[in-house]
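Position in the sequence shown counted from 1, then plus 25, gives you my numbering.
C-beta atoms are modelled at their ideal positions from N, C-alpha and C, and glycine is treated no differently.
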Amino acid sequence: MSTTEVQTEDSASPGGSDIDLKLEVVVIPVSDVDRAKDFYAGLGWRLDADFPFDNGVRIVQFTPPGSPTSIQFGTGTTSATPGSAENLYLIVSDLEAARVQLIARGAEVSEAFHPGAPGAQFRPEGAGDRAGGLDPDRATYGSFATFSDPDGNRWLVQEVTARLPGRLDAAETSFASLSDLANAMRRAEAAHGVHEARTGERDENWPDWYASYMLAEQHGTELPT
């Protein structure tokens with residue numbers, strides 16, 4: 026079969042189903058491997074590997090807390106200019122708490138901001154269209170901060186508290202970390218307080234209400250009231 030021949034859906038893989046393609050590692054360019062290693066270790070990221078090879082290649086891998094995707098850097102890993110990686114997303118459930126932690130661990134983090142125009146989050150710090158402070162409505166996907174590693178590779182920290190519909194498997198509910206779960210429960214508690222105030226009575230089935238709220242929030246479906 027020609028390499029340019031288009032496969033049909035049924036012939037794409039055995040059984041006609043798509044094969045998982047999991048993005049697990051992103052390579053970033055650095056000029057000083059040990060300096061970069063110290064920086065990311067200082068952030069509390071998990072060191073997965075530091076493999077030097079006889080031909081001069083060295084591969085270092087770190088994974089951010091709660092992340093399914095890791096970063097790699099080293100020698101002989103990329104031809105990109107050191108510091109040229111931009112807007113690598115880190116998703117958090119509480120931007121203010123994330124800023125405090127990152128700063129305490131040595132990162133120089135920008136003030137929180139929200140886009141004053143589409144795409145403003147991708148502009149360098151100090152550029153126009155960045156509105157200071159968290160999103161006024163604390164809308165999911167709406168608040169950001171940035172920081173860079175010693176080479177200038179730029180990270181974009183985004184607060185996400187509820188996913189848009191279709192972003193998660195409707196049959197699954199999971200939280201990447203204890204912090205994510207705790208923050209989801211806090212938001213459910215606040216919403217449940219409004220619910221009880223509206224009904225004027227204590228909800229004995231509050232665990233079910235919490236669970237329904239947290240599930241709906243995670244999957245971007247209609248929230249209970």
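Straight-line Cα distance separating residue j from residue i
{"i": "F169", "j": "V50", "result": "23 angstroms"}
{"i": "Y235", "j": "E184", "result": "21 angstroms"}
{"i": "V58", "j": "P249", "result": "50 angstroms"}
{"i": "P232", "j": "M239", "result": "11 angstroms"}
{"i": "R179", "j": "P140", "result": "17 angstroms"}
{"i": "K47", "j": "N230", "result": "39 angstroms"}
{"i": "L68", "j": "Q86", "result": "14 angstroms"}
{"i": "L181", "j": "A241", "result": "26 angstroms"}
{"i": "D162", "j": "P107", "result": "37 angstroms"}
{"i": "F98", "j": "G81", "result": "13 angstroms"}
{"i": "E247", "j": "A105", "result": "44 angstroms"}
{"i": "L127", "j": "F172", "result": "9 angstroms"}
{"i": "R130", "j": "Q243", "result": "29 angstroms"}
{"i": "P93", "j": "G225", "result": "43 angstroms"}
{"i": "T102", "j": "D79", "result": "14 angstroms"}
{"i": "T20", "j": "I84", "result": "This structure does not reach residue 20, given that the chain is present from 26 up to 250, and the question cannot be answered."}
{"i": "A152", "j": "R223", "result": "44 angstroms"}
Residue i: first and last residue of the uninterrupted beta strand (DSSP E) it sits in
{"i": "F138", "result": "F138 to P140"}
{"i": "R71", "result": "R71 to P77"}
{"i": "I116", "result": "L113 to V117"}
{"i": "E200", "result": "The question names Glu, but residue 200 in the sequence shown is Phe. That residue, F200, is in no beta strand (DSSP E); it is neither H nor E in DSSP."}
{"i": "F169", "result": "S168 to S173"}
{"i": "L127", "result": "From DSSP, L127 is part of no beta strand (DSSP E) but of the alpha helix (DSSP H) over L120 to A129."}
{"i": "R179", "result": "R179 to E184"}
{"i": "Q97", "result": "S95 to T100"}
{"i": "F87", "result": "R83 to T88"}
{"i": "V134", "result": "Segment: none, V134 is in no beta strand (DSSP E) and carries neither H nor E."}
{"i": "V55", "result": "It is not in any beta strand (DSSP E) - V55 carries neither H nor E in the DSSP assignment."}
Same chain only: Cβ atoms within 7 angstroms of residue i, ignoring 5 sequence neighbours per side
{"i": "L206", "result": "F200"}
{"i": "S237", "result": "P249"}
{"i": "T88", "result": "W70, R71, D73 and S95"}
{"i": "S42", "result": "none"}
{"i": "A66", "result": "L72"}
Status (buried if at least 16 other CB within 10 Å, exposed otherwise) for residue i
{"i": "L120", "result": "buried"}
{"i": "D174", "result": "buried"}
{"i": "R124", "result": "buried"}
{"i": "I44", "result": "exposed"}
{"i": "V219", "result": "exposed"}
{"i": "L203", "result": "exposed"}
{"i": "A61", "result": "buried"}
{"i": "M26", "result": "Note that M26 scores 49 on pLDDT, short of 50, meaning its location in the model is unreliable; the coordinates nonetheless yield the value given after this. M26 should be labelled exposed."}
{"i": "E34", "result": "Low local confidence applies: a pLDDT of 49 at E34 is under 50, so the model's placement there is unreliable, with the coordinate-based value given in what follows. With fewer than 16 Cβ atoms within 10 Å of its Cβ, E34 is classed as exposed."}
{"i": "A132", "result": "buried"}
Contacting residues, own chain, Cβ-Cβ under 6 angstroms from residue i (five flanking each side not counted)
{"i": "E221", "result": "D228"}
{"i": "G167", "result": "H139 and D160"}
{"i": "A110", "result": "I53 and N178"}
{"i": "A209", "result": "M239"}
{"i": "F64", "result": "D174 and P175"}
{"i": "T165", "result": "V185, T186 and A187"}
{"i": "F76", "result": "I84"}
The alpha helix (DSSP H) enclosing residue i, as first and last residue numbers
{"i": "G157", "result": "Note, G157: premise wrong, no alpha helix (DSSP H); beta strand (DSSP E) at R155 to G157."}
{"i": "V58", "result": "V58 to G67"}
is_contact[residue i, chain B] using C-beta, thresh 8 angstroms
{"i": "K47", "result": "In the structure shown, chain B cannot be found, because there is only a single protein chain."}
Cβ neighbours of residue i in the same chain (closer than 8 angstroms, five flanking residues each side left out)
{"i": "V56", "result": "Here the sequence assigns Ser to residue 56, which means Val is not the residue at that position. P107, G108 and D176, listed in sequence order."}
Closer than 7 angstroms: residue i CB and nearest the ligand FMN heavy atom
{"i": "S199", "result": "Absent from the structure shown: the ligand FMN. Ligands present: none."}
Three or more C-beta pairs under 8 angstroms: does that hold for the stretch 144 to 153 against the stretch 208 to 215? no
Would you call the stretch 110 to 119 and the stretch 58 to 74 in contact, with 3 or more CB pairs under 8 angstroms? no
Is the stretch 151 to 160 close to the stretch 134 to 143, with three or more CB pairs under 8 angstroms? yes
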